[in-house]
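Here is the structure we will look at, set down as C-alpha coordinates.
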Amino acid sequence: MYKAIIADDEETVRRGLVTHFNWGKHGVEVAGVFDDGVPALDFVRRNEVDIIVTDVRMSHMDGITLAKNVLESYPGVKIIFISGYADVGYLRDALKMEAVDYILKSIDIDELDAVITKVVAMLDQRSSQQLALEDMARKLEQSMPLLRQRRLCDLLQNNDESEEDILQSIEFLGIPLNSQTHYAVLVLRLQPKSKWLTMGSMPEKDRITFSMALEELFARVLAEYGVNVVFKGRLSEYIAILDVEHDEYEEDLLSVAEHLQARIRSEMKLDTMIGISEPFRGLRSVRSAYANACEAISRCYLIGKDIPISIKKYEDDGSGRTLREQAEKEICDSILNGDTAAVHLALERAVAGIRALPGEDEQQNFMLFLLLLPTRLMTNMRTENMGPMPHTLN
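Here the sequence shown stands for residues 408 to 801, numbered as in my numbering.
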(Lines of atoms letter the chains of each structure in order from A and count residues from 1; the text may use other names and numbers.)
(Lines give C-alpha, C1' and ligand atoms only; values in the text may rest on other atoms or scores of the structure.)
Protein backbone atom coordinates (compact mmCIF):
# COMPACT_ATOMS: atom_id res chain seq x y z
CA MET A 1 0.00 0.00 0.00
CA TYR A 2 1.03 3.60 -0.51
CA LYS A 3 1.89 5.60 2.61
CA ALA A 4 0.30 8.99 3.33
CA ILE A 5 0.74 11.54 6.13
CA ILE A 6 -1.50 14.43 7.17
CA ALA A 7 -0.23 17.76 8.53
CA ASP A 8 -2.78 20.31 9.76
CA ASP A 9 -2.96 22.50 12.84
CA GLU A 10 -6.74 21.99 13.23
CA GLU A 11 -7.63 18.86 15.18
CA THR A 12 -11.08 18.58 13.60
CA VAL A 13 -9.59 18.58 10.14
CA ARG A 14 -7.04 15.95 11.09
CA ARG A 15 -9.69 13.73 12.70
CA GLY A 16 -12.07 14.18 9.80
CA LEU A 17 -9.48 13.26 7.18
CA VAL A 18 -8.56 10.09 9.06
CA THR A 19 -12.01 8.85 10.05
CA HIS A 20 -14.38 10.07 7.34
CA PHE A 21 -12.39 9.29 4.21
CA ASN A 22 -11.93 5.74 2.87
CA TRP A 23 -8.17 5.64 2.27
CA GLY A 24 -8.09 1.85 2.02
CA LYS A 25 -10.33 1.93 -1.05
CA HIS A 26 -7.46 3.62 -2.89
CA GLY A 27 -4.78 1.34 -1.52
CA VAL A 28 -3.45 4.06 0.78
CA GLU A 29 -2.55 3.83 4.47
CA VAL A 30 -2.32 6.89 6.72
CA ALA A 31 1.10 6.39 8.34
CA GLY A 32 1.23 9.56 10.41
CA VAL A 33 -0.82 12.58 11.54
CA PHE A 34 0.89 15.86 12.63
CA ASP A 35 -0.14 19.32 13.79
CA ASP A 36 2.83 21.11 12.22
CA GLY A 37 5.35 20.82 9.40
CA VAL A 38 8.36 20.25 11.66
CA PRO A 39 7.42 16.78 13.01
CA ALA A 40 5.98 15.89 9.60
CA LEU A 41 9.31 16.65 7.91
CA ASP A 42 11.17 14.63 10.54
CA PHE A 43 8.87 11.66 9.90
CA VAL A 44 9.42 11.86 6.14
CA ARG A 45 13.18 11.80 6.67
CA ARG A 46 12.91 8.58 8.69
CA ASN A 47 10.17 6.77 6.78
CA GLU A 48 9.02 6.09 3.26
CA VAL A 49 6.14 8.40 2.34
CA ASP A 50 4.29 8.62 -0.96
CA ILE A 51 1.60 11.28 -0.31
CA ILE A 52 1.49 14.36 1.94
CA VAL A 53 -1.80 16.12 2.62
CA THR A 54 -0.84 19.38 4.31
CA ASP A 55 -2.38 22.64 5.42
CA VAL A 56 -0.82 25.68 3.81
CA ARG A 57 -0.66 27.73 7.02
CA MET A 58 0.73 26.25 10.25
CA SER A 59 2.37 27.93 13.22
CA HIS A 60 6.04 26.79 13.06
CA MET A 61 6.57 25.35 9.59
CA ASP A 62 3.93 26.02 6.97
CA GLY A 63 2.94 23.61 4.22
CA ILE A 64 4.87 25.48 1.52
CA THR A 65 8.12 25.19 3.48
CA LEU A 66 7.39 21.55 4.30
CA ALA A 67 6.78 20.76 0.62
CA LYS A 68 9.93 22.59 -0.46
CA ASN A 69 12.11 20.64 2.00
CA VAL A 70 10.52 17.30 1.14
CA LEU A 71 10.72 17.71 -2.64
CA GLU A 72 14.38 18.75 -2.53
CA SER A 73 15.27 15.33 -1.09
CA TYR A 74 12.32 13.19 -2.21
CA PRO A 75 11.05 14.55 -5.54
CA GLY A 76 8.71 11.60 -6.05
CA VAL A 77 6.45 12.47 -3.11
CA LYS A 78 3.03 13.80 -4.14
CA ILE A 79 1.85 16.96 -2.34
CA ILE A 80 -1.82 17.94 -1.81
CA PHE A 81 -2.40 21.35 -0.22
CA ILE A 82 -5.51 22.18 1.80
CA SER A 83 -6.36 25.67 3.02
CA GLY A 84 -9.17 27.75 4.48
CA TYR A 85 -7.96 30.74 2.52
CA ALA A 86 -8.51 31.49 -1.16
CA ASP A 87 -5.17 33.24 -1.10
CA VAL A 88 -3.73 33.89 -4.56
CA GLY A 89 -0.25 34.25 -3.14
CA TYR A 90 -0.36 30.84 -1.44
CA LEU A 91 -1.91 29.30 -4.55
CA ARG A 92 0.93 30.70 -6.66
CA ASP A 93 3.55 29.32 -4.22
CA ALA A 94 1.80 25.96 -4.16
CA LEU A 95 1.89 25.71 -7.93
CA LYS A 96 5.62 26.45 -7.82
CA MET A 97 5.99 23.39 -5.57
CA GLU A 98 4.47 21.25 -8.34
CA ALA A 99 1.68 20.20 -5.98
CA VAL A 100 -0.84 17.72 -7.30
CA ASP A 101 -3.81 19.80 -6.19
CA TYR A 102 -5.01 22.62 -3.93
CA ILE A 103 -8.23 21.94 -1.96
CA LEU A 104 -10.15 24.62 -0.08
CA LYS A 105 -11.71 24.02 3.34
CA SER A 106 -14.22 22.90 4.25
CA ILE A 107 -13.11 19.77 2.49
CA ASP A 108 -15.54 18.07 0.15
CA ILE A 109 -15.16 14.28 0.38
CA ASP A 110 -16.01 13.77 -3.29
CA GLU A 111 -13.41 16.33 -4.32
CA LEU A 112 -10.80 14.68 -2.10
CA ASP A 113 -11.75 11.28 -3.51
CA ALA A 114 -11.15 12.56 -7.06
CA VAL A 115 -7.79 14.03 -6.07
CA ILE A 116 -6.59 10.85 -4.30
CA THR A 117 -7.73 8.79 -7.30
CA LYS A 118 -5.58 11.00 -9.54
CA VAL A 119 -2.59 10.79 -7.19
CA VAL A 120 -2.78 6.98 -6.93
CA ALA A 121 -2.95 6.72 -10.72
CA MET A 122 0.22 8.82 -10.95
CA LEU A 123 1.95 6.63 -8.36
CA ASP A 124 0.81 3.46 -10.15
CA GLN A 125 2.24 4.74 -13.42
CA ARG A 126 5.52 5.62 -11.75
CA SER A 127 5.69 2.16 -10.16
CA SER A 128 5.01 0.51 -13.52
CA GLN A 129 7.72 2.57 -15.17
CA GLN A 130 10.15 1.78 -12.35
CA LEU A 131 9.39 -1.93 -12.61
CA ALA A 132 9.88 -1.76 -16.37
CA LEU A 133 13.24 -0.01 -15.94
CA GLU A 134 14.34 -2.53 -13.33
CA ASP A 135 13.28 -5.38 -15.60
CA MET A 136 15.23 -3.87 -18.48
CA ALA A 137 18.29 -3.38 -16.27
CA ARG A 138 18.06 -6.99 -15.06
CA LYS A 139 17.74 -8.32 -18.60
CA LEU A 140 20.65 -6.14 -19.72
CA GLU A 141 22.82 -7.46 -16.90
CA GLN A 142 21.88 -11.05 -17.77
CA SER A 143 22.68 -10.38 -21.43
CA MET A 144 26.06 -8.75 -20.76
CA PRO A 145 28.20 -11.88 -21.38
CA LEU A 146 26.49 -12.48 -24.73
CA LEU A 147 26.68 -8.79 -25.67
CA ARG A 148 30.41 -8.73 -24.84
CA GLN A 149 31.04 -11.80 -26.96
CA ARG A 150 29.09 -10.40 -29.88
CA ARG A 151 30.93 -7.09 -29.64
CA LEU A 152 34.31 -8.77 -29.56
CA CYS A 153 33.37 -11.06 -32.46
CA ASP A 154 32.24 -7.97 -34.36
CA LEU A 155 35.73 -6.49 -33.94
CA LEU A 156 37.08 -9.52 -35.81
CA GLN A 157 34.85 -8.87 -38.81
CA ASN A 158 34.44 -5.10 -39.14
CA ASN A 159 36.73 -2.10 -38.92
CA ASP A 160 34.55 0.60 -40.45
CA GLU A 161 33.81 2.12 -37.04
CA SER A 162 35.80 4.96 -35.60
CA GLU A 163 38.17 4.28 -32.71
CA GLU A 164 36.05 6.56 -30.52
CA ASP A 165 32.84 4.62 -31.24
CA ILE A 166 34.54 1.31 -30.46
CA LEU A 167 35.90 2.68 -27.19
CA GLN A 168 32.49 3.95 -26.11
CA SER A 169 30.83 0.61 -26.74
CA ILE A 170 33.45 -1.54 -25.01
CA GLU A 171 33.53 0.83 -22.04
CA PHE A 172 29.76 0.47 -21.69
CA LEU A 173 30.09 -3.32 -21.88
CA GLY A 174 32.94 -3.39 -19.36
CA ILE A 175 35.53 -4.87 -21.75
CA PRO A 176 39.01 -3.97 -20.40
CA LEU A 177 40.68 -2.79 -23.61
CA ASN A 178 41.99 0.61 -24.67
CA SER A 179 43.61 2.32 -27.63
CA GLN A 180 47.05 2.90 -26.09
CA THR A 181 48.15 -0.54 -24.91
CA HIS A 182 49.93 -2.99 -27.21
CA TYR A 183 48.05 -6.29 -27.54
CA ALA A 184 48.39 -9.60 -29.35
CA VAL A 185 45.58 -11.87 -30.51
CA LEU A 186 45.79 -15.56 -29.62
CA VAL A 187 43.64 -18.01 -31.58
CA LEU A 188 43.18 -21.61 -30.47
CA ARG A 189 41.64 -24.25 -32.72
CA LEU A 190 41.17 -27.96 -32.35
CA GLN A 191 43.38 -30.01 -34.60
CA PRO A 192 41.16 -31.46 -37.35
CA LYS A 193 41.67 -35.10 -36.35
CA SER A 194 41.02 -34.35 -32.68
CA LYS A 195 37.97 -32.26 -33.55
CA TRP A 196 36.24 -34.82 -35.72
CA LEU A 197 37.07 -37.84 -33.58
CA THR A 198 35.71 -36.04 -30.52
CA MET A 199 32.79 -34.03 -31.86
CA GLY A 200 31.93 -35.61 -35.19
CA SER A 201 29.32 -38.06 -33.90
CA MET A 202 28.05 -36.01 -30.96
CA PRO A 203 24.37 -35.01 -30.75
CA GLU A 204 23.89 -31.26 -30.98
CA LYS A 205 23.14 -30.88 -27.25
CA ASP A 206 26.31 -32.75 -26.27
CA ARG A 207 28.33 -30.76 -28.78
CA ILE A 208 27.15 -27.48 -27.24
CA THR A 209 27.92 -28.74 -23.72
CA PHE A 210 31.35 -29.90 -24.85
CA SER A 211 32.10 -26.56 -26.49
CA MET A 212 31.03 -24.67 -23.35
CA ALA A 213 33.31 -26.85 -21.21
CA LEU A 214 36.26 -26.15 -23.50
CA GLU A 215 35.49 -22.43 -23.50
CA GLU A 216 35.35 -22.44 -19.70
CA LEU A 217 38.71 -24.23 -19.45
CA PHE A 218 40.23 -21.84 -22.00
CA ALA A 219 39.09 -18.84 -19.94
CA ARG A 220 40.14 -20.41 -16.64
CA VAL A 221 43.70 -21.14 -17.78
CA LEU A 222 44.18 -17.70 -19.28
CA ALA A 223 42.79 -16.08 -16.12
CA GLU A 224 45.74 -17.61 -14.27
CA TYR A 225 47.94 -15.33 -16.38
CA GLY A 226 45.75 -12.26 -15.82
CA VAL A 227 44.13 -12.51 -19.26
CA ASN A 228 40.40 -11.70 -19.06
CA VAL A 229 39.46 -10.78 -22.64
CA VAL A 230 38.55 -14.24 -23.89
CA PHE A 231 35.67 -15.32 -26.10
CA LYS A 232 34.49 -17.94 -28.53
CA GLY A 233 34.63 -17.23 -32.22
CA ARG A 234 33.37 -19.63 -34.84
CA LEU A 235 32.91 -23.34 -34.17
CA SER A 236 35.92 -24.82 -32.32
CA GLU A 237 37.80 -21.50 -32.29
CA TYR A 238 38.66 -19.70 -29.06
CA ILE A 239 40.22 -16.26 -28.93
CA ALA A 240 42.06 -14.11 -26.39
CA ILE A 241 43.46 -10.60 -26.53
CA LEU A 242 46.60 -10.32 -24.41
CA ASP A 243 48.51 -7.32 -23.07
CA VAL A 244 52.08 -7.37 -24.49
CA GLU A 245 53.41 -4.10 -23.08
CA HIS A 246 56.29 -5.78 -21.19
CA ASP A 247 59.73 -6.48 -22.66
CA GLU A 248 59.73 -10.29 -22.59
CA TYR A 249 56.24 -10.72 -23.96
CA GLU A 250 57.34 -13.26 -26.60
CA GLU A 251 58.56 -15.75 -24.01
CA ASP A 252 55.43 -15.14 -21.93
CA LEU A 253 53.17 -15.76 -24.94
CA LEU A 254 54.90 -19.04 -25.62
CA SER A 255 54.60 -20.04 -21.98
CA VAL A 256 50.88 -19.23 -21.96
CA ALA A 257 50.30 -21.12 -25.21
CA GLU A 258 52.28 -24.15 -24.09
CA HIS A 259 50.49 -24.31 -20.74
CA LEU A 260 47.12 -23.85 -22.42
CA GLN A 261 47.73 -26.76 -24.78
CA ALA A 262 49.01 -28.96 -21.98
CA ARG A 263 45.97 -28.31 -19.78
CA ILE A 264 43.50 -28.95 -22.59
CA ARG A 265 45.32 -32.13 -23.53
CA SER A 266 45.39 -33.26 -19.90
CA GLU A 267 41.82 -32.34 -18.88
CA MET A 268 39.90 -32.87 -22.13
CA LYS A 269 42.18 -35.18 -24.12
CA LEU A 270 42.25 -32.80 -27.07
CA ASP A 271 45.06 -31.69 -29.37
CA THR A 272 45.03 -28.03 -30.38
CA MET A 273 46.74 -25.49 -32.62
CA ILE A 274 47.52 -21.96 -31.48
CA GLY A 275 48.23 -18.93 -33.62
CA ILE A 276 49.56 -15.66 -32.17
CA SER A 277 49.54 -12.33 -33.98
CA GLU A 278 52.18 -9.66 -34.08
CA PRO A 279 51.69 -6.91 -31.47
CA PHE A 280 49.27 -4.14 -32.42
CA ARG A 281 47.82 -1.00 -30.93
CA GLY A 282 44.41 0.52 -31.59
CA LEU A 283 41.13 -1.37 -31.46
CA ARG A 284 40.48 -0.91 -35.16
CA SER A 285 43.50 -3.20 -35.63
CA VAL A 286 41.93 -6.18 -33.85
CA ARG A 287 40.54 -7.45 -37.15
CA SER A 288 43.92 -7.50 -38.92
CA ALA A 289 45.62 -9.00 -35.86
CA TYR A 290 43.05 -11.78 -35.78
CA ALA A 291 43.65 -12.47 -39.48
CA ASN A 292 47.36 -12.37 -38.67
CA ALA A 293 46.98 -15.11 -36.03
CA CYS A 294 44.77 -17.23 -38.30
CA GLU A 295 47.30 -16.91 -41.10
CA ALA A 296 50.01 -18.07 -38.73
CA ILE A 297 48.06 -21.29 -38.22
CA SER A 298 47.01 -21.82 -41.83
CA ARG A 299 50.51 -21.27 -43.21
CA CYS A 300 52.00 -23.52 -40.54
CA TYR A 301 54.74 -21.34 -39.12
CA LEU A 302 55.43 -24.13 -36.64
CA ILE A 303 58.12 -23.90 -34.05
CA GLY A 304 58.03 -27.65 -33.69
CA LYS A 305 55.96 -30.41 -35.24
CA ASP A 306 54.89 -31.79 -31.85
CA ILE A 307 54.16 -28.36 -30.38
CA PRO A 308 51.85 -26.64 -32.86
CA ILE A 309 52.25 -23.07 -31.64
CA SER A 310 52.30 -20.72 -34.61
CA ILE A 311 53.58 -17.16 -34.44
CA LYS A 312 53.09 -14.94 -37.45
CA LYS A 313 56.33 -13.05 -36.88
CA TYR A 314 58.49 -16.10 -37.32
CA GLU A 315 58.10 -17.22 -40.93
CA ASP A 316 60.44 -20.07 -41.79
CA ASP A 317 61.93 -19.83 -45.27
CA GLY A 318 63.69 -23.22 -44.87
CA SER A 319 67.21 -21.92 -44.38
CA GLY A 320 67.29 -22.94 -40.72
CA ARG A 321 65.76 -26.40 -41.12
CA THR A 322 69.08 -28.25 -41.35
CA LEU A 323 70.45 -26.41 -38.35
CA ARG A 324 67.35 -27.27 -36.30
CA GLU A 325 67.44 -30.94 -37.27
CA GLN A 326 71.14 -31.20 -36.39
CA ALA A 327 70.67 -29.35 -33.07
CA GLU A 328 67.66 -31.49 -32.14
CA LYS A 329 69.51 -34.74 -32.80
CA GLU A 330 72.69 -33.75 -30.95
CA ILE A 331 71.01 -32.13 -27.93
CA CYS A 332 68.32 -34.80 -27.48
CA ASP A 333 70.80 -37.66 -27.88
CA SER A 334 73.10 -36.05 -25.32
CA ILE A 335 70.24 -35.57 -22.83
CA LEU A 336 69.00 -39.13 -23.27
CA ASN A 337 72.55 -40.47 -22.80
CA GLY A 338 72.97 -38.40 -19.62
CA ASP A 339 76.14 -36.78 -21.03
CA THR A 340 76.24 -33.28 -19.54
CA ALA A 341 79.43 -32.29 -21.35
CA ALA A 342 77.97 -33.38 -24.67
CA VAL A 343 74.80 -31.36 -23.98
CA HIS A 344 76.88 -28.21 -23.37
CA LEU A 345 78.93 -28.84 -26.50
CA ALA A 346 75.81 -29.37 -28.63
CA LEU A 347 74.26 -26.18 -27.28
CA GLU A 348 77.43 -24.21 -28.02
CA ARG A 349 77.47 -25.49 -31.61
CA ALA A 350 73.77 -24.65 -31.99
CA VAL A 351 74.17 -21.11 -30.64
CA ALA A 352 77.24 -20.57 -32.84
CA GLY A 353 75.18 -21.65 -35.85
CA ILE A 354 72.68 -18.86 -35.24
CA ARG A 355 75.10 -16.38 -36.78
CA ALA A 356 74.79 -18.18 -40.10
CA LEU A 357 71.05 -17.62 -40.29
CA PRO A 358 70.03 -14.88 -42.75
CA GLY A 359 67.78 -12.61 -40.70
CA GLU A 360 66.87 -11.52 -37.19
CA ASP A 361 63.44 -13.17 -37.35
CA GLU A 362 64.95 -16.52 -38.35
CA GLN A 363 67.51 -16.20 -35.56
CA GLN A 364 64.78 -15.54 -33.00
CA ASN A 365 62.79 -18.42 -34.44
CA PHE A 366 65.72 -20.76 -33.87
CA MET A 367 66.23 -19.52 -30.31
CA LEU A 368 62.57 -20.23 -29.55
CA PHE A 369 63.01 -23.67 -31.08
CA LEU A 370 65.87 -24.34 -28.66
CA LEU A 371 63.78 -23.00 -25.78
CA LEU A 372 60.99 -25.50 -26.47
CA LEU A 373 63.24 -28.44 -27.31
CA PRO A 374 63.16 -30.01 -23.80
CA THR A 375 59.36 -29.94 -23.89
CA ARG A 376 59.36 -31.71 -27.26
CA LEU A 377 61.69 -34.34 -25.86
CA MET A 378 59.36 -34.92 -22.88
CA THR A 379 56.40 -35.17 -25.25
CA ASN A 380 58.15 -37.80 -27.35
CA MET A 381 59.18 -39.80 -24.29
CA ARG A 382 55.62 -39.73 -22.91
CA THR A 383 54.23 -40.90 -26.25
CA GLU A 384 56.70 -43.79 -26.44
CA ASN A 385 56.04 -44.87 -22.84
CA MET A 386 52.25 -44.37 -22.68
CA GLY A 387 51.11 -44.90 -26.23
CA PRO A 388 49.15 -42.44 -28.35
CA MET A 389 47.07 -39.71 -26.71
CA PRO A 390 43.34 -40.56 -26.68
CA HIS A 391 41.11 -38.17 -28.61
CA THR A 392 37.76 -38.64 -26.88
CA LEU A 393 36.34 -37.57 -23.56
CA ASN A 394 36.16 -40.14 -20.79
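Heads up, the beta-carbon is just placed ideally off N, CA and C, and yes, glycines get one too. Please read these numbers as outputs of a predicted model, since none were measured by experiment.
Leu574 beta carbon less than 8 Å from that of Leu690: yes
Same chain only: Cβ atoms within 8 Å of Val484, ignoring 5 sequence neighbours per side: Val451, Val456, Asp457, Ile458, Ile459, Val477 and Leu478
The region 521-537 in contact with the region 546-565 per 3-pair CB rule at 8 Å: no
Through-space distance from Thr679 to His813, alpha-carbon basis: A question about residue 813 goes unanswered here, because the residues of the chain that appear run from 408 up to 801.
Nearest neighbour of Ala763, chosen from Cys739, Arg731 and Thr524 [CA to CA]: Arg731
Buried versus exposed, by CB contacts within 10 Å (16 or more), Asp563: With the sequence shown as reference, residue 563 is identified as Leu, and Asp is not the correct amino acid for it. Looking at its Cβ environment, which holds 16 or more other Cβ atoms inside 10 Å, Leu563 is buried.
Span of the beta strand (DSSP E), counted from its first residue to its last, around Arg596: His589 to Leu597
Inter-residue spacing [alpha-carbon to alpha-carbon] between Arg756 and Ala749: 11 Å
Neighbour-count burial assignment, Gln587, 16 or more Cβ in a 10 Å radius: exposed
Bridge partners - Asp650, DSSP secondary structure assignment: Tyr590
Three CB pairs or more closer than 8 Å across the region 662-671 and the region 544-552: no
Beta-carbon spacing of Ile582, Arg555 below 8 Å: yes
Proximity to Phe687 [Cα-Cα], best of Leu677, Ser705 and Ala698: Ala698
Span separating the alpha-carbon of Asp449 from that of Val420: 21 Å
Distance between beta carbons of Gly640 and Ile646, contact taken as under 8 Å: 5 Å
Chain-order list of residues whose beta-carbon lies under 7 Å from that of Leu553 (same chain, five-residue window excluded): none
Straight-line Cα distance separating Arg614 from His751: 49 Å
CB-CB length for Met468 against Asp443, believed under 8 Å: 6 Å
Residue of Asp542, Ala591, Asp740 and Pro482 minimising C-alpha distance to Val637: Ala591
Bounding residues of the alpha helix (DSSP H) (the contiguous stretch that carries Asp613): Glu611 to Ala630
Lys676 - containing alpha helix (DSSP H), residue span: Run containing Lys676: none; DSSP gives neither H nor E here.
Candidates Arg670, Ser608, Ala696 and Glu571, of which the one nearest Leu624 by Cα: Arg670
Reduced DSSP category for Ser705 - H, G, I as helix; E, B as strand; rest coil: helix
Proximal residues to Glu418 (C-beta, below 8 Å), its chain only, five neighbours per side dropped: Asp442
Contact under 8 Å by Cβ, Ala411 with Ala447: no
Separation of Lys525 from Ala620, as counted between CA atoms: 56 Å
Within 8 Å, strictly: CB atoms of Ser490 and Val463: yes
Cross-strand partners of Leu805 (DSSP beta bridge): This structure does not reach residue 805, given that the chain is present from 408 up to 801, and the question cannot be answered.
Ile516 beta carbon less than 8 Å from that of Phe428: yes
Beta carbon of Val594 nearer than 8 Å to that of Ala700: yes
For Phe638, three-class secondary structure by DSSP: strand
Classification of Gly745 by the beta-carbon crowding that lies within 10 angstroms, buried from 16 upward: exposed
Alpha-carbon to alpha-carbon, Arg422 and Leu530: 25 Å
Outcome for Glu518 when other beta-carbon atoms lying within 10 angstroms are tallied against a minimum of 16: exposed
6 Å CB neighbourhood of Glu611 in its chain, flanking five on each side removed: none
Which listed residue (Glu674, Arg672 and Val651) has its alpha carbon closest to that of Glu685: Val651
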